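Beneath this line is the structure, given in structure tokens, with notes to follow.
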Amino acid sequence: GENVEQHPSTLSVQEGDSAVIKCTYSDSASNYFPWYKQELGKRPQLIIDIRSNVGEKKDQRIAVTLNKTAKHFSLHITETQPEDSAVYFCAAKVRAAGNKLTFGGGTRVLVKP
Amino acid sequence: SAVISQKPSRDICQRGTSLTIQCQVDSQVTMMFWYRQQPGQSLTLIATANQGSEATYESGFVIDKFPISRPNLTFSTLTVSNMSPEDSSIYLCSVEVTGGINEQYFGPGTRLTVT
Chain G
302 GENVEQHPST LSVQEGDSAV IKCTYSDSAS NYFPWYKQEL GKRPQLIIDI RSNVGEKKDQ
362 RIAVTLNKTA KHFSLHITET QPEDSAVYFC AAKVRAAGNK LTFGGGTRVL VKP
Chain L
2 SAVISQKPSR DICQRGTSLT IQCQVDSQVT MMFWYRQQPG QSLTLIATAN QGSEATYESG
62 FVIDKFPISR PNLTFSTLTV SNMSPEDSSI YLCSVEVTGG INEQYFGPGT RLTVT
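Chains G and L, in that order, are what the protein sequence lines are.
Heads up: the first sequence begins at 302 in my numbering, then just goes up one per residue.
Heads up: the second sequence begins at 2 in my numbering, then just goes up one per residue.
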């Protein structure tokens, strides 16, 4: 089945700097790649996603890039703010496999003021 | 998106007992899922709740331990049976919103502690 690896597991950045989280996936049939942000004690929230027919997508300070050939995708957060501190999860979905999301291990991001 | 509620939000249970968690969605959805998130860990899919048929379980999860019901397109239950301290975790239901993008959203979770 699908395997998603996420790096780094923890990331500490200064406020205003950029943060990048990278994920690789194993199944070339995957065609949907969402990112979730989970604050302490809260549910995972979908913050951005990308489909396999698109190479990059932006939404204000966050962007996601996808390299289908290399089977990896990345989340970029620019001008980080303290409220960006959270755990971020990447995921991949293989539509043919019953619409199941496979999650990466998560990245704990700490933005230092 | 969809508004998803879960009951209870948290519970403390004794080992050997069972707890049923309810998930309610404000609109009809085709796909509903149950996940487990152990402290400090990622999300692990327990099963897909199928409306009108038996749930589809992932490797390592069995129906006797985690029976699931899905009586209609807006409601599902997950039961954690014969609990042990190892079952202490957060249990989340999730739904896929049908449409062009098929995003998946999560309920608020149920924090279960087994003593």
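Virtual Cβ for every residue (Gly too), placed ideally from N, Cα, C.
Quick caveat, the model's predicted, so the values are computed rather than measured.
Could you please give me the residues that DSSP links to residue i through a beta bridge?
i                      : result
residue 384 of chain G : DSSP output for residue 384 of chain G lists no bridge partner at all.
residue 364 of chain G : G/359, G/377
residue 320 of chain G : G/378
residue 33 of chain L  : L/50, L/96
Thinking just about the alpha-carbon of each residue, which of the options is nearest to the one in residue i?
i                      : options                    : result
residue 98 of chain L  : G/373, G/342, G/324, G/347 : G/347
residue 90 of chain L  : L/56, L/42, L/66           : L/42
residue 314 of chain G : G/400, G/406, G/403, G/379 : G/379
residue 302 of chain G : G/400, G/411, G/410, G/353 : G/400
residue 376 of chain G : G/405, G/413, G/341        : G/405
residue 308 of chain G : G/392, G/328, G/413, G/412 : G/392
residue 322 of chain G : G/331, G/335, G/330, G/328 : G/335
residue 64 of chain L  : L/81, L/105, L/10          : L/81
residue 68 of chain L  : L/23, L/38, L/11, L/86     : L/23
residue 74 of chain L  : L/11, L/25, L/20, L/21     : L/25
For residue i, return the contacting residues in chain L, with the cut-off set at a CB-CB distance below 7 Å.
i                      : result
residue 350 of chain G : 104
residue 334 of chain G : Correct list: empty, because the minimum Cβ distance to chain L is about 12 Å.
How big is the Cα-Cα spacing for residue i and residue j?
i                      : j                      : result
residue 316 of chain G : residue 390 of chain G : 21 Å
residue 355 of chain G : residue 367 of chain G : 7 Å
residue 408 of chain G : residue 30 of chain L  : 30 Å
residue 58 of chain L  : residue 386 of chain G : 33 Å
residue 114 of chain L : residue 360 of chain G : 38 Å
residue 326 of chain G : residue 344 of chain G : 24 Å
residue 15 of chain L  : residue 88 of chain L  : 11 Å
residue 373 of chain G : residue 411 of chain G : 23 Å
residue 18 of chain L  : residue 84 of chain L  : 6 Å
residue 96 of chain L  : residue 116 of chain L : 30 Å
residue 311 of chain G : residue 350 of chain G : 21 Å
residue 320 of chain G : residue 9 of chain L   : 36 Å
residue 388 of chain G : residue 324 of chain G : 14 Å
residue 62 of chain L  : residue 414 of chain G : 43 Å
residue 45 of chain L  : residue 110 of chain L : 13 Å
residue 35 of chain L  : residue 381 of chain G : 32 Å
Against residue i, what residues of chain G qualify as contacts under a CB-to-CB distance less than 7 Å, listed in chain order?
i                      : result
residue 97 of chain L  : 400
residue 33 of chain L  : By Cβ distance, chain G contributes nothing, its closest Cβ being about 11 Å from residue 33 of chain L, past 7 Å.
residue 110 of chain L : 344
For residue i, go through chain L and note every residue whose CB falls closer than 8 Å to its CB, in chain order.
i                      : result
residue 345 of chain G : 44, 93, 107
Give the interface partners of residue i over in chain L, defined as CB-CB distance under 9 Å, in chain order.
i                      : result
residue 406 of chain G : 42, 43
residue 390 of chain G : 43, 44
Within 7 Å: the Cβ of residue i and any heavy atom of the ligand SAH?
i                      : result
residue 321 of chain G : With respect to the ligand SAH, the structure offers nothing, as it holds no ligand at all.
- request: Answer yes if the region 36-54 of chain L comes into contact with the region 3-19 of chain L, meaning at least three C-beta pairs across the two stretches below 8 Å, and no otherwise.
  value: no
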